[in-house]
Each structure stands twice: as structure tokens, then as C-alpha cells.
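Asks:
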Amino acid sequence: GQQVMQIPQYQHVQEGEDFTTYCNSSTTLSNIQWYKQRPGGHPVFLIQLVKSGEVKKQKRLTFQFGEAKKNSSLHITATQTTDVGTYFCAGIGNAGKSTFGDGTTLTVKP
Amino acid sequence: NAGVTQTPKFQVLKTGQSMTLQCAQDMNHEYMSWYRQDPGMGLRLIHYSVGAGITDQGEVPNGYNVSRSTTEDFPLRLLSAAPSQTSVYFCASSYSTAGATDTQYFGPGTRLTVL
């Protein structure tokens, strides 16, 4: 079945440093979604990418979808303490089923 | 709108007991799904539904049943609880009729412990 790998598992940064998490699927995806989960909370939708090679920006966050629609990345510029949490990618297959990666937990030292 | 609501928030069961986790949404979403999240891991899809009367299995369906008699409600039944089912359970809904191809809105979760 479809597998989605996400690296790194943990990332510790100093406030102001950049952060990147990578997502790789074993199969070609229909689209990919990114979510953020704060400790003790529930996943909150950030963005969806649909097109091959698509790049979207949300303020300091940049999301990319690979040309082969099998990988994606989330890059945060100049992290802030409010960025702490776990970032998940969810690969959506042709049948509409979602497969989540195990997430990257970001901690930011002020 | 209340969004996606889940009850109960916390539950402790003994091995072998059964129970139903409730999930409701008031956004008229067609797609609803159940995930479980174990410590330090991502969300694994248990069951999902693309509309009333239609359900299908996800990645980890064993030990769980679902039904979808209305658009609003999607309960998850644990048939005979086992310690391996200790987890946090999230319900999610989406506008899309083609599965999880649109924004998924998650409920607050149910934290289940099976002794």
C-alpha cells in the first residue's frame, strides 16, 4: 500500500533560524496536504498542493510539490516560538484515501 | 458552526468492553473519517465514508466498526477493547465527495485508555 515517509522526526532550532521538513511517498499522489498539530491539540489544515511542481507561500511558510508528485517540502523562514508543533504531510492517492507521515516535531529555543 | 465535535473527550475501558465514540459535523460535509494517533506517530486511517450509507476500510480497520446513517454523524464502535487500542482517536470531515481531496477538519479527539 501507499507509504509516506517524513524526515526529520525532530528538529530543534534557535529562534530566527530556518526549518525544513521533507515528505516522500512510495507512490504518485493525487495531491498532498500539510497540517500542524500543537501539543495536546488536533491537526489543523495548512495547505493543499495539487499540481506537479507547485509552489505556494503563506507568509514565512513555503510549500513545494515535486515534479513527479511523489515528494513535498515545507520550509519556514526565520522561525518564531509560535511555530512550535508537529508538522504532518498527508498524501492523497487516486482513490481519495489519505496517508499521513509520522510528522516532524519542531522546537524553537528563544 | 460547531465544526467537528467528538464525545467523550476521555475514556478508560477494561479489556473486552465495547463502546462507541461519537463524531458529528454541522458543515454538511460528505466525507468523514476516523484516525488513530499513537504517541510520536502520525495518523492512521481506520475507516472512512464518502456519504450517508457508504463506508470503507482504511489502513487499520480491525477491531472497529462504523456506520453512516446520516450526513452529520459517523460513530466508531470498538467491539471488544484491547490494550493495543489505547490511542487518541480523531474524527475528520471534508467537503469533497471524492475522498480526502479537500481540507480535512479535525475534531478535538478522544483519548482512550484500555486496561
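Read top to bottom, the protein sequences are chains Z and A. The opening residue of the first sequence carries number 118 in my numbering; numbering runs sequentially from there. The opening residue of the second sequence carries number 198 in my numbering; numbering runs sequentially from there. Backbone N, C-alpha and C define an ideal beta-carbon position, used for all residues, glycine too. Note that this is a predicted model, so its numbers are computed, not measured.
List, in chain order, every chain A residue whose beta-carbon is nearer than 7 Å to that of ASN188(Z).
Replies: By Cβ distance, chain A contributes nothing, its closest Cβ being about 16 Å from ASN188(Z), past 7 Å.
Asks: When the cut-off is 9 Å and only beta carbons count, does LYS214(Z) lie next to chain A?
Replies: Closer than 9 Å: yes.
Asks: Check whether the Cβ of VAL121(Z) lies closer than 9 Å to any Cβ atom in chain A.
Replies: For VAL121(Z), the answer is yes, since a Cβ of chain A falls inside 9 Å of its Cβ.
Asks: With a Cβ-Cβ cutoff of 9 Å, do THR221(Z) and GLN123(Z) count as a contact?
Replies: A contact, by the Cβ cut-off of 9 Å.
Asks: For THR204(A), which residues in chain Z fall below 8 Å Cβ to Cβ?
Replies: Chain Z residues near THR204(A): none, gap ~14 Å exceeds 8 Å.
Asks: Measure the alpha-carbon distance for PRO236(A) versus ARG308(A) and round it to whole angstroms.
Replies: Their Cα atoms are separated by approximately 11 Å.
Asks: Within the same chain, show all residues whose beta-carbon is closer than 6 Å to that of GLY255(A), passing over the 5 residues directly before and after it, in chain order.
Replies: Same-chain partners within the cutoff: LEU242, ILE243, HIS244 and TYR245.
Asks: Is it right to say SER160(Z) is buried, meaning 16 or more other beta carbons lie within 10 angstroms of its own, or is it exposed?
Replies: The identity of residue 160(Z) in the sequence shown is Pro, whereas the question assumes Ser. Classification of PRO160(Z): buried, given that the 10 Å Cβ count is 16 or more.
Asks: Could you please give me the residues that DSSP links to TYR139(Z) through a beta bridge?
Replies: The partner list for TYR139(Z) (beta bridge, DSSP) reads ILE124(Z) and SER190(Z).
Asks: So with Cβ pairs under 9 Å, would you call PRO125(Z) a contact of chain A?
Replies: By this cut-off, PRO125(Z) is not an interface position.
Asks: Within the continuous beta strand (DSSP E) that includes SER284(A), where are the two ends?
Replies: 284 to 291 is the extent of the beta strand (DSSP E) around SER284(A).
Asks: Tell me the DSSP secondary structure of LYS198(Z) in three-state form.
Replies: With the sequence shown as reference, residue 198(Z) is identified as Thr, and Lys is not the correct amino acid for it. The answer is helix: DSSP assigns THR198(Z) an H, G or I state.
Asks: Evaluate the contact criterion for the segment 261 to 271 of chain A versus the segment 179 to 188 of chain Z: three or more CB pairs, one atom per stretch, below 8 Å.
Replies: The segment 261 to 271 of chain A vs the segment 179 to 188 of chain Z: no contact.
Asks: Starting from GLN301(A), find everything on chain Z with Cβ-Cβ shorter than 9 Å and list it in chain order.
Replies: Under the 9 Å cutoff, chain Z gives GLN150, TYR152, PRO160, PHE162, ALA207 and SER215.
Asks: I need the boundaries of the beta strand (DSSP E) containing HIS159(Z), first residue and last residue.
Replies: Taken as a continuous stretch (DSSP letters only), HIS159(Z) belongs to no beta strand (DSSP E), as it is neither H nor E.
Asks: With 9 Å as the threshold, decide whether the Cβ of LEU276(A) is near any Cβ in chain Z.
Replies: So no, LEU276(A) is outside the interface.
Asks: List the residues that DSSP assigns as beta-bridge partners of MET224(A).
Replies: None; MET224(A) has no bridge partner.
Asks: Just grab the DSSP bridge partners of LYS214(Z) for me.
Replies: According to DSSP, LYS214(Z) bridges with nothing at all.
Asks: Just to make sure I have the definition right: I need the residues of chain C whose C-beta is within less than 8 Å of the C-beta of GLY260(A). Which are they?
Replies: The structure shown contains no chain C; its protein chains are Z and A.
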